[in-house]
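In full-length UniProt numbering, the protein residues as written are 1 to 468.
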């Protein structure tokens with residue numbers, strides 16, 4: 001396939017994009033090597049910047065290599081020693097404070113080593129996470145998706161973090177940081193910048209002892225110039241590899257000339273993509289899309305069928321077993337329930353007859369050993385294919401709880417579907433409204449399918465525990 005002669009060669013820039021030209025020159029100076037088969041552009045990409053193939057690329061080919069000293073983190077910044085000395089006072093739940101302080105310092109220094117890189121985001125206006133939307137927009141456009149609640153938590157946490165951790169530290173080092181310049185607004189923008197563009201190196205797999213898995217501390221995030229130029233799709237064609245002295249982007253399948261090169265940010269549902277990165281994939285193309293059913297909706301559904309006293313006892317045991325929680329959720333994807341063990345155990349206990357529950361509780365939740373294929377059985381029973389064959393009592397709880405979840409959205413699925421099918425109406429929506437629409441519709445599609453598959457047949461009005 002011939003390349004378009006109007007497309008720029010490596011290092012050339014469309015129009016007058018001086019920041020991109022400066023960045024590419026900087027890449028050459030610091031030893032970041034780019035394959036001659038790819039180039040960076042604003043044209044023909046799905047977002048602000050992107051990488052395209054200038055020639056056919058074969059699976060396994062290296063697209064670019066980044067020396068580790070080019071990465072921007074608290075360990076490479078000019079303020080590394082100060083951050084290291086204050087490490088104890090900077091410890092926090094997010095684990096991002098040191099990187100954020102490093103970014104605030106480097107972003108506002110005219111002669112920073114990373115100035116050509118950071119200049120690609122002159123005011124962060126390209127970032128449009130829901131955290132930058134008004135509360136009214138979030139509540140009207142994203143009602144029921146779980147995003148408004150997540151954003152409110154984020155905003156409260158970052159404001160507390162800035163006030164209680166960052167400001168006191170900056171005041172101890174007035175020669176490096178100035179609260180008048182390094183404001184809460186800048187801090188908020190850099191939080192979104194890290195959410196959207198940072199990378200987190202996986203932990204080494206050398207230790208085979210799974211007993212300590214929960215005690216392992218994840219690596220802190222870092223900024224990776226050039227790698228963050230690549231946009232995301234679930235069906236990606238490139239992947240970042242971590243080497244001792246460098247990082248490299250490698251094609252994981254053939255890429256044709258003219259195609260965009262896509263990385264993956266992980267198995268991300270649309271609500272996660274919008275919350276953390278500010279964009280979405282169309283529901284049909286995002287194989288990782290999910291929808292949540294609150295554990296409280298399961299309880300509410302069981303309340304309609306179970307005696308209150310016994311239900312309280314059952315729920316207390318489920319909480320002790322860490323199957324449910326006050327703000328817990330059961331996650332459903334396009335193939336079925338992704339938290340299948342938790343949901344299976346919850347439905348099983350909720351539908352236990354009183355005498356069996358008493359025995360189960362006396363054994364502290366332990367039963368006779370299940371067969372070795374139990375895990376496979378659980379996954380199969382809560383898959384899309386297995387749901388219709390569930391016990392009618394289990395299906396009834398699921399059906400009602402999914403109905404509660406569908407009712408929590410502002411609009412029904414038919415309204416969203418009609419809007420998606422009207423090209424004129426869709427084009428007239430704001431970018432925020434379109435992205436929110438894709439999130440809502442994707443979740444509702446998954447939930448509606450579960451709702452249809454769990455419609456009880458021949459349900460009676462008996463309490464759940466009284467049914468045989």
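All C-beta atoms in this analysis are idealised placements derived from N, C-alpha and C, irrespective of residue type, glycine included. Given the structure is predicted, the values throughout are model-derived calculations rather than measurements.
Write down the C-beta distance between residue i and residue j rounded to the nearest angstrom, noting that I regard them as a contact closer than 8 Å.
| i | j | result |
| --- | --- | --- |
| residue 72 | residue 35 | 22 Å between Cβ atoms; not a contact. |
| residue 402 | residue 450 | 5 Å |
| residue 278 | residue 173 | Not a contact, Cβ separation roughly 32 Å. |
| residue 394 | residue 317 | That pair is no contact at about 17 Å. |
| residue 350 | residue 306 | 7 Å |
| residue 100 | residue 225 | Actually they do not touch by this definition, with Cβ atoms about 18 Å apart. |
| residue 276 | residue 196 | 7 Å |
| residue 223 | residue 198 | 6 Å |
| residue 158 | residue 188 | 6 Å |
| residue 271 | residue 421 | Wrong, their Cβ atoms sit about 22 Å apart, outside the cutoff. |
| residue 96 | residue 221 | 7 Å |
Quick check: residue i and residue j, are their CB atoms within less than 9 Å of each other?
| i | j | result |
| --- | --- | --- |
| residue 274 | residue 286 | no |
| residue 57 | residue 37 | yes |
| residue 502 | residue 283 | Residue 502 lies beyond the residue range present for the chain, which begins at 1 and ends at 468; the question has no answer from this structure. |
| residue 388 | residue 454 | yes |
| residue 119 | residue 19 | yes |
| residue 358 | residue 342 | no |
| residue 193 | residue 127 | yes |
| residue 30 | residue 67 | yes |
| residue 447 | residue 293 | yes |
| residue 384 | residue 340 | no |
| residue 44 | residue 258 | yes |
| residue 143 | residue 408 | yes |
| residue 116 | residue 22 | yes |
| residue 452 | residue 413 | no |
Strictly by DSSP, which residues pair up with residue i?
| i | result |
| --- | --- |
| residue 337 | 332 |
| residue 34 | 64 |
| residue 57 | 255 |
| residue 197 | In the DSSP output, where bridge partners are listed per residue, residue 197 has none listed. |
| residue 39 | 52 |
| residue 383 | 336 |
| residue 72 | 223 |
Inset, instruction - Give, in chain order, every unbroken run of the alpha helix (DSSP H) that is at least 4 residues long and sits entirely within the segment 287-323. - result: 295-303 and 308-320
Inset, instruction - Jot down the residue ranges of each uninterrupted beta strand (DSSP E) in the segment 216-295, minimum 3 residues, whole runs only, in chain order. - result: 238-242, 246-251, 260-263 and 290-294
Inset, instruction - Report yes or no: do three or more beta-carbon pairs, one from the segment 163-177 and one from the segment 92-102, lie closer than 8 Å? - result: yes
Inset, instruction - Would you check if there are 3 or more beta carbon pairs closer than 8 Å linking the segment 291-307 to the segment 253-266? - result: no
Legend entry - beta strand (DSSP E) runs contained entirely in the segment 110-138, provided each spans 3 or more residues: Not a single unbroken stretch of the beta strand (DSSP E) spanning 3 or more residues falls wholly within the segment 110-138.
Inset, instruction - Flag this pair as touching only if the segment 93-107 and the segment 171-190 have three or more C-beta atom pairs under 8 Å; answer yes or no. - result: Touching, yes, given that three or more Cβ pairs across the two stretches are closer than 8 Å.
Inset, instruction - Assess, as a yes-or-no matter, whether the segment 43-60 is touched by the segment 246-253 under the definition of 3 or more beta carbon pairs within less than 8 Å. - result: yes
Legend entry - Minimum length 4: unbroken alpha helix (DSSP H) runs contained in the segment 431-455: Listed in chain order, the complete alpha helix (DSSP H) runs (minimum 4 residues) inside the segment 431-455 are 431-453.
Legend entry - Every unbroken alpha helix (DSSP H) inside the segment 77-106 [4 residues or more]: If we require 4 residues or more, the alpha helix (DSSP H) runs fully inside the segment 77-106 come out as 80-85.
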